[in-house]
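Protein sequences appear in the order of chains A and B.
Take the first sequence: its position 147, counting from 1, is numbered 147 in our numbering, and each next residue is one higher.
Take the second sequence: its position 140, counting from 1, is numbered 442 in our numbering, and each next residue is one higher.
For every residue, glycine included, the Cβ atom is placed at its ideal position computed from N, Cα and C.
This structure is a prediction, so every number in the text was calculated from the model and none was measured.
Report on one structure; see the data block that follows.
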Amino acid sequence: MAAPVYRASLPDANELARERRRARLRRFGGRSVLYSAASFFTLFAALPFAWMLLTVFKQNADLYDPNHNPFLYNSPPTLDNVRLLFEQTQYATFIRNTVFVSVFVVVITLVATVPAAYSLTRLAGRWGESLGIAIFLVYLIPPTLLFIPLSRVVAELGVRNSWWAMVVVYPSFTIPFCTWLLMGFFKSIPWDIEEQAMIDGYSRLGAIWRTVLPVSIPGLLTVVVFSLALTLHEFVYALAFVTSSAEKTISIGVTTELIRGDVYFWQSLMAAAAIVAIPVAILYNLFLDRFIAGFTLGAVKG
Amino acid sequence: MSTSAQVVPVAAGVDRRRYWLDREGVLGPLLLLPTVVYIIALVGFPLVLAVLYSVSDATVGDQSLDFVGLRNFRAAIGDGTFRVALRNTVAFTLVSQLIVMLLANLLALVLSADFHGKRLVRFLVMLPWTTPVALGVLGWLWTLDNVYSPIDYAFRQMGLLGPSIGPLRVDNPVSDVVRWLGLGSVFGTGSNVLWLAQPALAQLSVLLVHVWRTLPLATVILLAGLTAIPQDVKDAANVDGAGFFRQLFYIRIPLLLPIMAVAFLYGIVFTFTDMTIPFILTNRGGPVDSTQVLASWAFIKGIEGGSLGEGAAVAIFLFPVMAGVAALMLRLARRTETS
Chain A
1 MAAPVYRASL PDANELARER RRARLRRFGG RSVLYSAASF FTLFAALPFA
51 WMLLTVFKQN ADLYDPNHNP FLYNSPPTLD NVRLLFEQTQ YATFIRNTVF
101 VSVFVVVITL VATVPAAYSL TRLAGRWGES LGIAIFLVYL IPPTLLFIPL
151 SRVVAELGVR NSWWAMVVVY PSFTIPFCTW LLMGFFKSIP WDIEEQAMID
201 GYSRLGAIWR TVLPVSIPGL LTVVVFSLAL TLHEFVYALA FVTSSAEKTI
251 SIGVTTELIR GDVYFWQSLM AAAAIVAIPV AILYNLFLDR FIAGFTLGAV
301 KG
Chain B
303 MSTSAQVVPV AAGVDRRRYW LDREGVLGPL LLLPTVVYII ALVGFPLVLA
353 VLYSVSDATV GDQSLDFVGL RNFRAAIGDG TFRVALRNTV AFTLVSQLIV
403 MLLANLLALV LSADFHGKRL VRFLVMLPWT TPVALGVLGW LWTLDNVYSP
453 IDYAFRQMGL LGPSIGPLRV DNPVSDVVRW LGLGSVFGTG SNVLWLAQPA
503 LAQLSVLLVH VWRTLPLATV ILLAGLTAIP QDVKDAANVD GAGFFRQLFY
553 IRIPLLLPIM AVAFLYGIVF TFTDMTIPFI LTNRGGPVDS TQVLASWAFI
603 KGIEGGSLGE GAAVAIFLFP VMAGVAALML RLARRTETS
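Rendered as structure tokens:
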């Protein structure tokens with residue numbers, strides 16, 4: 001690399017001013033490139049969601065006219081489409097099923113992952129980390145490889161074609177992922193607090209309950225959020241195991257039941273998608289750093 | 303450790319069972335048991351079953367596993383649609399992930415700078431990853447609609463699409479510039495592009511949505527890597543007078559390579575095994591199977607068609623790539639552990 005040039009004498013005032021102007025120009029150029037790149041990426045990422053939200057409140061006569069500017073409301077916005085979604089479709093049923101599935105999956109995930117992650121970080125010694133990575137890799141086994149044999153498993157368990165099928169199957173990806181996330185949390189908690197509790201006469205389990213769990217509340221919350229998010233994101237298993245509309249969850253209910261009719265009610269369809277997608281995105285975004293810390297396998301210590 | 307060992311006998315005097323549970327050799331496996339049993343039952347066992355199905359004649363009607371050798375694989379490979387699906391899966395994965403790597407580096411560069419509204423931009427840019435994929439793809443289905451696509455409308459207003467003569471010709475300053483550049487009606491003289499109705503464009507659309515979906519993931523992984531570059535390295539580069547591009551090519555990219563590999567591997571996992579995007583966007587791999595992929599073809603054969611053996615045989619083709627990715631991932635994890 002070139003060594004910096006040292007001047008023999010101090011630069012005169014004119015030269016300094018010229019240099020400052022040049023620097024300002026370069027800075028302005030850099031800023032405009034930065035802002036245009038940011039706008040481009042934002043537009044690319046958010047376009048379908050923007051169009052989704054615009055569509056929700058449009059009247060039929062306004063939306064279904066190719067000569068109307070789609071980015072404006074040519075007729076006043078309306079809430080009729082949202083009303084139609086709740087009153088004349090099974091959307092409310094889909095939401096109810098999704099809530100049931102989510103609650104069960106979150107509870108099962110918590111019950112399984114908290115002891116497992118504790119055991120792997122505190123009790124398994126040097127095997128813990130390797131076993132933890134192995135369990136995390138299970139998360140990467142795709143549903144598209146497993147749905148055929150699992151459809152048999154689900155049928156044998158007698159939960160085929162019911163939302164219980166999802167309660168049974170979804171922990172197969174939430175548990176591996178959340179065990180790994182929690183391991184990161186437990187690793188950051190110092191040994192001393194459990195040791196102190198055990199010196200004070202608590203058993204190991206008592207010490208976990210009274211000292212480790214209270215300080216891991218952010219970690220437990222992360223598990224709740226991600227088992228919820230992964231449940232809401234899932235599409236393939238739900239599509240493979242559930243065919244009767246009364247048992248469907250949102251991600252398949254919206255895409256298979258509402259879309260199949262002869263007439264597409266795009267506004268209601270987009271409302272159905274946006275009502276779920278936006279809150280999930282906000283929740284996910286709050287915990288994104290945790291997600292990435294897990295995904296980079298500890299390769300990056302932030 | 304030594305302190306707890308001293309204390310245990312005292313506690314044991316109070317309760318024998320507690321003593322037994324305090325032994326690490328007992329408690330450790332006991333706490334791990336539910337998770338391991340669950341994973342073996344609902345991932346390990348099905349994985350074995352998938353292989354068994356692929357060499358059996360099982361159907362939804364008759365689920366008994368009679369060994370038929372490689373008949374399912376021969377039948378699958380002999381099918382023209384399978385070969386299209388295999389080619390599409392590989393092409394979608396490789397092309398989309400190469401584009402994603404390029405764009406993710408740019409986007410990570412943008413998001414590592416300071417500017418107004420950065421938090422909002424980050425939230426919006428992450429949307430494709432943070433929202434349920436089926437619902438996001440539904441948004442694209444409507445955005446690329448054959449008649450009402452807002453993209454088509456914008457193209458028409460810019461003169462990129464639509465007739466250049468006659469009463470339907472659009473005239474405004476932008477379209478004048480576009481025509482002067484020789485780009486008038488590059489997307490056709492019809493009123494719509496028909497993104498999802500023609501094989502080539504449908505493939506392009508699926509590819510685009512794959513890029514859209516995995517770009518945020520790659521970007522945040524790279525961002526995490528960027529923050530891990532030690533400040534003194536950057537300071538040293540600044541003192542030495544290294545400019546933006548010199549720093550980019552001699553410091554950022556070399557130091558980011560391992561984490562770029564991680565992002566690339568995840569991208570491969572998620573695109574190679576995906577069936578949601580063609581299933582919803584092009585209505586199960588259409589038009590005429592031109593966007594069919596392995597995963598969706600396995601679904602159509604195995605679940606919808608009810609021939610479990612053949613479906614499983616198609617899905618097995620996902621396995622070598624998954625195993626390769628897992629092995630590479632382990633190597634990367636081990637390398638970072640030792641360093």
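Work out the CA separation of Ser32(A) and Arg26(A) for me, nearest whole Å.
-> If you take the alpha carbons of Arg26(A) and Ser32(A), they lie about 10 angstroms apart.
Using 8 angstroms as the Cβ pair cut-off and three pairs as the minimum, do the stretch 137-145 of chain A and the stretch 196-214 of chain A touch?
-> With contact defined as three or more Cβ pairs closer than 8 angstroms, the stretch 137-145 of chain A and the stretch 196-214 of chain A are not in contact.
For the alpha helix (DSSP H) holding Pro336(B), just list the boundary residues, first then last.
-> Segment 326-341, the alpha helix (DSSP H) holding Pro336(B).
Along the stretch 327-347 of chain B, what residues have a CB closer than 7 angstroms to any CB found in chain A?
-> Per Cβ criterion, the list reads Leu329, Gly330, Leu333, Leu334, Pro336, Thr337, Tyr340, Ile341, Leu344, Val345.
Alpha helix (DSSP H) segments (min. 4 residues) lying fully within the stretch 81-163 of chain A = The DSSP assignment places 91-118, 127-139, 143-156 as complete runs of the alpha helix (DSSP H) inside the stretch 81-163 of chain A, in order along the chain (cut-off: 4 residues).
Would you verify that the beta carbon of Gly607(B) is, or is not, closer than 8 angstroms to some beta carbon of chain A?
-> It does not; no Cβ of chain A falls within 8 angstroms.
Please determine, among Phe566(B), Ala538(B), Ala563(B), the residue with the shortest C-alpha to C-alpha distance to Ile553(B).
-> The residue with the shortest Cα to Cα distance from Ile553(B) is Ala538(B).
Do we get a CB-CB distance below 8 angstroms when we pair Leu610(B) with the residues of chain A?
-> By this cut-off, Leu610(B) is an interface position.
Identify whether Phe546(B) lies in helix, strand or coil by the three-state DSSP scheme.
-> Phe546(B) falls in the helix class under three-state DSSP.
Every unbroken alpha helix (DSSP H) inside the stretch 410-461 of chain B [4 residues or more] | Taking only runs of at least 4 residues, the alpha helix (DSSP H) segments lying wholly in the stretch 410-461 of chain B are 420-432, 435-445, 452-459.
Name the DSSP bridge partner or partners of Phe369(B)?
-> Answer is Ser358(B).
Three or more C-beta pairs below 8 angstroms linking the stretch 462-471 of chain B and the stretch 278-296 of chain A | Counting Cβ pairs under 8 angstroms, fewer than three are found: no touch.
Could you give the DSSP three-state label for Asn60(A): helix, strand or coil?
-> Of the three classes helix, strand and coil, the one that applies to Asn60(A) here is helix, per DSSP.
Return the chain-ordered ranges of every alpha helix (DSSP H) run that is complete within the stretch 598-635 of chain B and spans a minimum of 4 residues.
-> Qualifying alpha helix (DSSP H) stretches, in chain order: 610-618.
Does the beta carbon of Gly625(B) sit closer than 8 angstroms to a beta carbon anywhere in chain A?
-> Per the sequence shown, residue 625(B) should be read as Ala rather than Gly. Cβ-Cβ to chain A under 8 angstroms: no for Ala625(B).
List, in order along the chain, the chain B residues whose C-beta lies closer than 9 angstroms to that of Phe249(A)?
-> Phe is not the amino acid found at residue 249(A); the sequence shown has Thr there. Listed along chain B is no residue with a C-beta nearer than 9 angstroms to that of Thr249(A); the closest approach is about 10 angstroms.
What first and last residue would you give for the alpha helix (DSSP H) that runs through Pro501(B)?
-> Note, Pro501(B): alpha helix (DSSP H), 501-529.
Who are the neighbours of Ser487(B) on chain A, taking C-beta pairs under 9 angstroms?
-> By Cβ distance, chain A contributes nothing, its closest Cβ being about 17 angstroms from Ser487(B), past 9 angstroms.
Is the CB of Gly302(A) under 8 angstroms away from at least one CB in chain B?
-> Because Gly302(A) carries a pLDDT of 35, less than 50, the predicted location of this residue cannot be relied on, and no value is offered for it.
Interface positions of the stretch 410-444 of chain B facing chain A (Cβ-Cβ less than 7 angstroms), listed along the chain | Of all residues in the stretch 410-444 of chain B, those with a C-beta nearer than 7 angstroms to a C-beta of chain A are Val412, Ala415, Phe417, Val423, Phe425, Leu426, Val427, Met428, Leu429, Pro430, Thr432, Thr433, Pro434, Val435, Ala436, Leu437, Gly438, Leu440, Gly441, Trp442, Trp444, reading in chain order.
Beta-carbon neighbours of Ala504(B), restricted to chain A and to distances below 7 angstroms | None at all; the shortest Cβ gap to chain A is about 17 angstroms.
Cα separation between Leu349(B) and Pro149(A)?
-> If you take the alpha carbons of Leu349(B) and Pro149(A), they lie about 7 angstroms apart.
Tell me which same chain residues have a C-beta within less than 6 angstroms of the C-beta of Ser268(A), skipping the five on either side of it?
-> By the criterion of a C-beta distance shorter than 6 angstroms, Ser268(A) is surrounded in its chain by Asn81, Leu84, Leu85, once the five residues flanking it on both sides are discounted.
With distances taken between CB atoms, is the gap from Gly608(B) to Val362(B) smaller than 8 angstroms?
-> Contact flag set, yes.
Minimum Cβ-Cβ distance from Arg204(A) to chain B less than 8 angstroms | Put simply, the CB of Arg204(A) is near chain B, with a gap under 8 angstroms to one of its CB atoms.
Please confirm if Met270(A) has its CB atom under 8 angstroms from at least one CB of chain B.
-> Closer than 8 angstroms to some Cβ of chain B, the Cβ of Met270(A) qualifies, so yes.
Please name the residue in Ile252(A), Tyr64(A), Ala271(A) whose C-alpha comes closest to that of Tyr455(B).
-> Nearest C-alpha to Tyr455(B): Tyr64(A).
Just by C-beta distance, which residues in the stretch 214-244 of chain A are closer than 7 angstroms to chain B?
-> Listed by position along the chain: Leu232, His233, Phe235, Val236, Ala240.
Cβ distance (whole Å) where Arg290(A) is taken to contact Leu181(A) below 8 angstroms | In this structure Arg290(A) touches Leu181(A) by the C-beta definition: roughly 6 angstroms separates them, less than 8 angstroms.
Nearest chain B C-beta to Met1(A) closer than 8 angstroms, yes or no?
-> Because Met1(A) carries a pLDDT of 49, less than 50, the predicted location of this residue cannot be relied on, and the following value inherits that uncertainty. For Met1(A), the answer is yes, since a Cβ of chain B falls inside 8 angstroms of its Cβ.
Along the alpha helix (DSSP H) that carries Trp180(A), what are the first and last residues, could you check?
-> Run containing Trp180(A): 171-188, per the alpha helix (DSSP H) assignment.
Cα separation between Pro532(B) and Leu557(B)?
-> Here the C-alpha atom of Pro532(B) lies approximately 10 angstroms from the C-alpha atom of Leu557(B).
Are any of the Cβ atoms in chain A nearer than 8 angstroms to that of Ala387(B)?
-> No, because no Cβ of chain A sits closer than 8 angstroms to the Cβ of Ala387(B).
Segment contact flag, the stretch 474-491 of chain B with the stretch 412-423 of chain B, C-beta cutoff 8 angstroms, min 3 pairs | These segments do not touch.
What does a CB cutoff of less than 6 angstroms around Val309(B) pick up in its chain, not counting 5 residues either side in sequence?
-> Residue placement at Val309(B) is flagged as unreliable, the pLDDT there being 46, under the threshold of 50; a coordinate-derived value is accordingly withheld.
Answer yes if the stretch 491-501 of chain B comes into contact with the stretch 586-602 of chain B, meaning at least three C-beta pairs across the two stretches below 8 angstroms, and no otherwise.
-> The stretch 586-602 of chain B and the stretch 491-501 of chain B touch, with no fewer than 3 CB-CB distances between them shorter than 8 angstroms.
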